[in-house]
Each structure stands twice: as structure tokens, then as C-alpha cells.
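Notes for the one structure printed next.
Number of protein chains: 2
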Amino acid sequence: MSVTAAAGFRAAGVTAGLKTSGRPDLALVVNDGPLDAGAAVYTSNRCKAHPVLWSERASADGHLKAVVLNSGGANCFTGPNGFQTTHATAELVGELVGSGAGDVVVCSTGLIGVALPRQKVLDGVRTAFADLSTEGGTAAATAIMTTDTVSKQAIETGVGPQGDSFVVGGMAKGAGMLAPGLATMLVVLTTDAAVEPADLDRALRAATRTTFDRVDSDGCMSTNDTVVLLASGAGGVTPEPAEFDEVVRRVCADLARMLVGDAEGADHDIAIEVVGAAEEAEAVEVARSVARNNLFKAAVFGKDPNWGRVMAAVGTTSAQFDPQALDVSLNGVAVCVGGTPHADPATVDLEPREVRVVIDLHAGSETATVWTNDLTHAYVHENSAYSS
Amino acid sequence: MSVTAAAGFRAAGVTAGLKTSGRPDLALVVNDGPLDAGAAVYTSNRCKAHPVLWSERASADGHLKAVVLNSGGANCFTGPNGFQTTHATAELVGELVGSGAGDVVVCSTGLIGVALPRQKVLDGVRTAFADLSTEGGTAAATAIMTTDTVSKQAIETGVGPQGDSFVVGGMAKGAGMLAPGLATMLVVLTTDAAVEPADLDRALRAATRTTFDRVDSDGCMSTNDTVVLLASGAGGVTPEPAEFDEVVRRVCADLARMLVGDAEGADHDIAIEVVGAAEEAEAVEVARSVARNNLFKAAVFGKDPNWGRVMAAVGTTSAQFDPQALDVSLNGVAVCVGGTPHADPATVDLEPREVRVVIDLHAGSETATVWTNDLTHAYVHENSAYSS
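Here the protein sequences line up with chains A and B, keeping their order.
So for the first sequence, this note's numbering puts the first residue at 27; every next one is plus one.
So for the second sequence, this note's numbering puts the first residue at 27; every next one is plus one.
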């Protein structure tokens, strides 16, 4: 269901022939209104792919009619011809759905530096348009998968001022190159609530800041990350801003957790929770530093409760703390208290997939959690044996 | 030879029983003068091990008589008792060599959060003192090895104003946790030149800035890094500052290259050379960003010339550049020119151990090279299967 769970949306996922595997590789999501409100956030990578450069302009006015997404090629560093492919794709979608190209967001994912076969993309768009359906959410979510092993879909429901409900649904892809300032991922969210572009933008930025932005699977920021939120207003409910924000946040949190759970080659999902920070930004800095420490990530893979590697990572940050005041616990075992060894690390159970590291800086009351994965043989294998 | 190549130095390497393997684990280097000039630089990690906290104070006055080093334990986050072990070690060395404890640098390497057996260390110091010899350089270099597969030693010779030569020799250990602001490494350099502390300090800081500080094997900064330079003056030559600086730089460069060549589990040594930068600091930022990109490092392991991963890493920096002006070459093949695919990546030969990535930012004339390694199965294995 996902992107078609909310009234006013149709979607499709088809095989355009972009992937050598022959799997589905092109998705289309169309907003049938009555509203055409939209908001989007993009990678903060300065080397942005052509579809991102296009979509930043398309979404700037808060009006979006459709999103077209392809796997099988990132269309990044492909020269002027690559940008023309993105432009032609948006033009065709705009023509088919009865809007301008400027109301169409284009998303691509796959290998950088390889041109997309334009005609196949355009033919795929026509096929997808013919296939559009209010039941097409799962097909669309499947068509955007790359190294994902499962499609990611989420639905959450909120309540409007009169007690009527509204829906926010979403789909996501992303399994490697997952890092800060958005992970390598494409996410489309839809709602039947009647929400103005400015409110969509606020809700989306607030939600991504504490969900997708705090997934840091492998520290590698993508050139193509896009999260787009479309509102059709077809449900007729105008929610309170706080309620709407919270439902959007929940869908983003659901999808972000799914990204971590399906990260390339991972054996463990690791929550790095920093408490007692002087500033929230410092809590994020510390958590991210640990999340990016290859030695710690390899230790978790080996089920080695090597908390010294946590400390060494914390020490590289500029956050406020006294090394001799630091506490660290691993899965509930207080292995270090006040900078001194405490409970026996051998009692830490690292068998479960989910690992929780809690670091108390004793410098304030702010907190943040960053999610990452362990560093495994499978990660190295997947990212060395195949171009992606 | 290494630390005993220069006249005026004796060294020893012994087995104190700190390593469960029974291999040598304690080294002592003594300056017999006539000078006792010394300078040192330490990890910029804020979580510093006890021996670093001690040695920072000991070396502050520019006078050093001895360096005692142990593998088999980092003595970091070991509580007040750990600091007392460092202190007692320095006291004993000072007593034996006829100086104060304040003229003794202490270095430790190994697992964080585990106490060193103090009596074994002190007994080892006595054994090492009895073993001191002008031929002890190799024994000392061997005793500081941890996951190193070979000992690292280097000797360079310079020429004084009257044509007489002077010697700078050195030893290093370090194979994992190699990152910026010094790598996990212990380095002792000695010279028979007659050089004042202030000149030693200048030469050492200048040399480490462009050598050890530009080794970034796995992005993980250690809590114990120490580089110390001792001058005995026993050769009687007072070199010109520029000549001395250059010889010290060469020894540091030799040792830094050896660290990269013996990094844990590495299959490739990768030089990331950034040219055309507006500022040297920006060139370093860009090179380091690529050096830390796990996806690129895994690709090199797989001999996959995946330059898109270089671009994605470059895009995360704040350096001045236009993405559409970037050139990238891999082992001499210009795979990307002006942000557009150029030569066929399939022609890049990634079989040799040494890989050279050149990134031209076309934003100025500054340049910097950072050395790193690939991300391999052996790295994951070594850092997950064993605590270190």
C-alpha cells in the first residue's frame, strides 16, 4: 500500500530494462488531488546528481503533481546529456499527467558516472503511466529497490480536529552509502490530509532531522538522496500542525529503522545513544563519531564488547565532557563508570541483532541517538565484488 | 640499528610478560648525552591514555633522558591505579639512568580499559636497563610491535655546515587505529646532532604535519600516539635548521610509509593526491574525506575502479570547487574530466599494491597527499576476532 494508502494517489512500478537483472526499475507516483501540495529535502552532498539538481528547482514552489523514480543508474556525473535525460523524463511525465515538467520530481539511484539509456526510461514512463493504480504502492516500492533485500513501506494514521482520521504513507529504498545529511535513499511520502506547502515543508524538515539524518550506516553520503512528501487533500481533513508533524515523524522513523535493518551486509543494528550532553548538536557529534568508527563496528560484528574503541571515538569530538566522568554501557551492562572499568565486559551479550550503546557525558541534559550497523565481511564483499 | 644508529644512544627490548604470546613487550631507549634535548608530539584525542598525560608534562621543558615503551596494554581508562603504574615506571627509569622521573617519557600500546600488571612492568624495566646496548635498536623496535608484522626502522644522514655528517634514526610501531592528528603509533627518533630543544620541536612538528598526520589508514584516532625526538649531540655537528628539518622529515616519511605498508589486513596502499586546491587545508580535507570512504576503500580491495565513490566523498567537503570542473584519475587513467566520464575505467589496473588517486579541484595551486589502505576481509577479521 504505502504511497497509495492515502486517498488521492495512484502509483505503478514497471520494468524499463535499466537493470541488467531484468527486475522492476521504474516507479511513478501521481497525486490526483484536489491539492497538489509538495515539499522535499535533498542530499547535502555538493556533488549532486542531475535529478537532484532538477528536482530542487521543481519542488521550490511547493507544488508537485508526480514523482518518477528509477533504479539502475544514478545519473550523476554523466555530463550535459545526463541532465537532458532527467529533463526529458520530467517533460514526458508532465505531459502525461497534465501538468508542467516543473511539477515533477525525478529521482534516480544506482551507479555514478554511467549514462541512463534515455529511450528506455521514456518508454518505461509510458508503461508506468498506463499501469497507474490506487493499488500500485507495493509495485512502486519494489521498483526502486537496488541492493535492498526487502521493500520498505510504512503507514501511520493521525486524527484531525473533528475526530476524522488522515493517513500518511511512505516508501523508501536504501541499503548502502547511508550517511548523514540524509542517507542514500529515495523516500516518497503521501498524505490525504489537506496541508499547505509551508506546513508540509516544516513537518518534513523536522521529521528528517531526527530520523533519516540520524541513520549513519557506513558514513558515506550519497549524491542522490531525496525525500518528498505530497498532499492530495482527498481525505478532507486539516490536521493540527503538531499532530501532522508527529504522524509524518512516525512514518519517517518507521522507514529509517527499516533502512538500518536492511543495511548492506549488516549483522547488527546499533543504536548509539548519547545522554548528558550540553547541547543536542554535541550529542549528535559524539554519537556519529562512534557510529563511524570502523574498529568499534568490526568489534560488534565479532561480538567483542570493546568499549575502549567507543572511548577513543568519543575523544575525537569537540563536545563538552571530562574523560574521567564518562560512563558507557553496552546492552545495559555498565562497562565503564567515571572513566574507570566497571562491570565485566564478558557479561555483555552481543548475540541479538539490536545493540544499544549508551554514553553519558555528564555535561548537561541533552540527548540524541544515531543508528548504525556493524562492519562485516558481507559489507566488504558486497561493496568490493559489485559496482554499485 | 634505528634508534641506536646515532651516537650517544643505547637501547634494549625485552620480554616483561605483558603479552600473553610471550613475545618481547618492553623497550627502553636512553640518551647518554652529552645533550639531553628532547621534543615530542602526542595524540590530539581528548581521551588520552595515562602515559600520554604523564609524558606531556615530562617533555614540556625540552629535556629528556629516556623513553620507556610497552606493548601489551594501552593503560588508558584504567583509573587512578593506572596513572600510578605510569608514574612508578618513570620513577624507576629515572632512578636507573640517573635523572629525575620528569626526564622520562612513557609510552604504552595495546587494549584500552585493562590494567597493566605493575610489577611485571617494573621488573621488565630492570631487565631492559641491564640489557642496554648501542646495538639494541632492533630489539627495541621489535618489543613495541603489536599487530605489526614487521618492525619499522629508518635511518637518514644529513650534512653539517663544515661537511661533517649527522644521523637521524627512528623506530615506529602502528598497524591499526591509524588516523589523523597522529596515527596509533609510537615513534622514537634519535639524533647525534647538537640541536637545542626549540629547534627539535620545530623540526618534529613540521615533519609530523606532512607525514604521520597524513596517514589515515582507517580513520580511527588512538588515545596513545606519541612521537618523540631525542638529541644527544654526541656527533658534535650543529646542522643548519633547514637541513636538520629535512632529514627529520625524511625519517618520518620513511616510517609513515612503512606504517601504511603494514596496516592491518590491507591489500593496497592508496595515495590520495589532491591538486589545484585553493588552500592546503582544503586539499587535506578532500584527500582525507576520500581516504575515509568505506565504499571507495572496499572498491579498491575488489579492484573496482569505482570513481563515483571518490566524487561522492569529495562532495561532502567544504573545499572550494565546482563539481562540473573536477578531474579524477586512477593509476594514471583520467576516468573523469570536467565532471564527465572520460577514459574507460576498465583500463585502470588495480592489481599493484600501490594505488594513486589524483583529484584536480581546479580551484588554486595547493596540493596535499593522504595515504590510506583498502577495506578488506582481513581488516574486518583482524578487528573483530581479536581484542586490541
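No residue lacks a Cβ here, since even glycine has one placed at the ideal position from N, Cα and C.
Computed from a predicted structure; not experimentally measured.
Under 9 angstroms from the C-beta of W80(B): neighbouring residues of chain A: By Cβ distance, chain A contributes nothing, its closest Cβ being about 15 angstroms from W80(B), past 9 angstroms.
When you compare each of L255(A), V214(A), T236(A), K329(A) to E222(A) by their alpha carbons, which one comes out closest? L255(A)
Taking Cβ-Cβ distances shorter than 7 angstroms, what residues in chain B pair up with H388(A)? Ordered by position in chain B, no residue passes the 7 angstroms Cβ test against H388(A), which lies about 14 angstroms from the chain.
To the nearest angstrom, how far is the alpha carbon of S134(B) from that of D353(B)? 43 angstroms
Just reading off the beta strand (DSSP E) that Q350(B) is part of, what are its end residues? Per DSSP, Q350(B) belongs to no beta strand (DSSP E) and is neither H nor E.
Distance cutoff 9 angstroms, beta carbons only. Does S355(A) sit that close to anything in chain B? no
Are the Cβ atoms of T112(A) and H76(A) separated by less than 9 angstroms? yes
What separation, rounded to the nearest whole angstrom, lies between the Cα atoms of G186(A) and F270(A)? 9 angstroms
Within the chosen definition, does the region 323-333 of chain B reach the region 369-388 of chain B through at least 3 CB pairs nearer than 8 angstroms? yes
The alpha helix (DSSP H) that contains R335(A), what's its start and end? 333-340
With H, G and I counted as helix, E and B as strand and the rest as coil, what does DSSP make of F35(A)? strand
Would I181(A) count as contacting chain B if we go by Cβ distances under 9 angstroms? no
Taking 9 angstroms as the threshold (beta carbon to beta carbon), is I138(A) in contact with chain B? yes
Do you know offhand how far D157(B)'s Cα is from A165(B)'s? 10 angstroms
Taking the straight line between their C-alpha atoms, what separation do you get for S315(B) and T343(B)? 7 angstroms
DSSP three-state label for A198(B), please. strand
Which residues bound the beta strand (DSSP E) around D218(B)? Premise fails: D218(B) is in no beta strand (DSSP E) and is neither H nor E.
Tell me the rounded alpha-carbon separation between A297(B) and V274(A). 45 angstroms
Going by other Cβ atoms of all chains shown within 10 Å of its Cβ, with 16 needed for buried, is R240(A) buried or exposed? buried
Note down the Cα distance separating A360(B) from T236(B), rounded to an integer number of angstroms. 26 angstroms
Listed from N- to C-terminal order along the chain, which residues in the region 328-345 of chain A have their beta-carbon within a distance smaller than 7 angstroms of any beta-carbon of chain B? G328, D330, N332, W333, G334, M337, A338, V340, G341, T342
What alpha helix (DSSP H) runs, 4 residues minimum, are completely inside the region 255-323 of chain B? 267-287, 306-317
Supposed contact pair T402(A) and A317(A) - C-beta distance, whole angstroms, cut 8 angstroms: The pair is not a contact, with the Cβ atoms about 15 angstroms apart (cut-off 8 angstroms).
When the Cα atoms are used, what is the spatial distance from V176(A) to G120(A)? 30 angstroms
Going by beta-carbon coordinates alone, are A72(A) and Q110(A) separated by less than 9 angstroms? For the sequence presented, residue 72(A) should be read as Arg rather than Ala. No, Cβ-Cβ distance for R72(A) and Q110(A) is not below 9 angstroms.
If distances are taken between C-alpha atoms only, which option among A303(A), G341(A), G88(A) comes closest to L230(A)? G88(A)
Sequence ranges, beta strand (DSSP E) only - wholly within the region 68-121 of chain A, length at least 3: 92-96
If you run the structure through DSSP and keep just helix, strand and coil, what is G124(A)? coil
Nearest-angstrom Cβ-Cβ length linking K146(A) and G43(A), presumed shorter than 8 angstroms: 5 angstroms
D375(B) (DSSP reduced to helix, strand or coil): coil
Got a sec: which bits of the region 67-93 of chain B sit with their beta carbon under 9 angstroms from any beta carbon on chain A, in order along the chain? T69, S70, N71, R72, C73, K74
CB contact check: R228(A) to chain B, cutoff 9 angstroms: no
Using a Cβ-Cβ cut-off of 7 angstroms (strictly less than) and excluding sequence neighbours within five positions of D62(B), which residues of its own chain qualify? H89, L90, K91, D129
Using a beta-carbon distance cut-off of less than 7 angstroms, what residues from the region 352-383 of chain B approach chain A? C362, G365, T366, P367
Enumerate in chain order the residues of its own chain whose CB-to-CB distance from E408(B) is below 6 angstroms, with the five nearest sequence positions on each side excluded. E290, G291
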